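Let me begin by presenting the structure, written as structure tokens, before commenting on it.
Numbering (this note's numbering), first residue to last: 812 to 1027.
Pasting the structure below:
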């Protein structure tokens, strides 16, 4: 009984000391890293996962944030093609995804499918056919386009079913939001930022203006 009494007294003594130590020391209220403010960017980045076409050593790079289910993105597509063809040695076009699933339910699946095609080096042909069939986008259509382009059906279907390229789509989307983009298409033409549809002539003028800046 005597030892038990000593143990109990010792226990309460330790609890009392800990209580006063906690009361007299400040509590760390620093939020974890996951609670930091969202990243804000001023210009987009380009990596090997971003499909591109045109010059491999461009004077002007056009970075397009777009949505396969967006009608305005579809309408600017011919103008972008015309500019790349007009300046084959000087202009590069880079695609980035900025789907809007609340307005276009098929925007994310279409982007995933396009990047599955990119794994078989068929992004731009697939891209063109997605825009051509924008009004009927569906899983069946994604598989049909892959078969028309003679892609490896099993490989493509597996990539599509597992959403294996979702990480690329999400990375582009996060970057677009960090850049403050609220509508598509959004173009970064050298140092210029353009939101919405512009004509081929306006696009050509912007590209030429960027080239002239380089000569100054």
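For every residue, glycine included, the Cβ atom is placed at its ideal position computed from N, Cα and C.
Note that this is a predicted model, so its numbers are computed, not measured.
Between the CA atoms of residue 899 and residue 935 - distance to the nearest angstrom: One alpha carbon belongs to residue 935, the other to residue 899, and they sit about 16 angstroms apart.
Under a Cβ-count criterion, where at least 16 other Cβ atoms within 10 Å of its own Cβ denotes burial, should residue 979 be classed as buried or exposed? buried
6 angstroms Cβ shell around residue 1011 - same chain, five flanking residues per side excluded: 890, 893
Closer than 9 angstroms, CB to CB, is residue 1023 near chain D or not? Checking the listed chains, one finds no chain D in this structure; it contains a single protein chain.
Any idea if residue 1007 is buried or exposed, counting beta-carbon neighbours within 10 angstroms, 16 or more meaning buried? Exposed is the call here.
Helix, strand or coil: which one does DSSP assign to residue 865? strand
Quick test of your reading: residue 870 and residue 901, contact by CB under 8 angstroms. State the CB separation rounded to the nearest angstrom. Correct: roughly 4 angstroms between the Cβ atoms.
Beta-carbon proximity of residue 877 to residue 903, cut-off 9 angstroms: no
Do residue 972 and residue 916 have their C-beta atoms within less than 9 angstroms of each other? no
Nearest to residue 950 by CA position, among 994, 861, 919, 857, is which residue? 919
Residue 953 and residue 924 look like a contact to me (Cβ under 8 angstroms); what is the Cβ gap, rounded to whole Å? 4 angstroms
Taking the alpha carbon of residue 866 as the point to measure from, which residue in 929, 895, 1013 has its own alpha carbon closest? 895
How far does the beta strand (DSSP E) with residue 1004 in it extend, from its first residue to its last? 1003–1006
Buried or exposed, going by whether 16 or more other CB atoms sit within 10 Å of the CB of residue 882? exposed
Comparing alpha-carbon positions, which option in 938, 913, 1022 lies nearest residue 1002? Ranking 938, 913, 1022 by CA distance to the CA of residue 1002 puts 1022 first.
With 16 as the cutoff for other CB atoms within 10 Å, does residue 857 come out buried or exposed? exposed
Just to confirm the assignment, what range does the beta strand (DSSP E) spanning residue 907 have? 902–908 is the span of the beta strand (DSSP E), which, as asked, contains residue 907.
Going straight from the alpha carbon of residue 1058 to that of residue 928, what length do you get? Shown here, the chain extends from 812 to 1027; a query on residue 1058 therefore has no answer.
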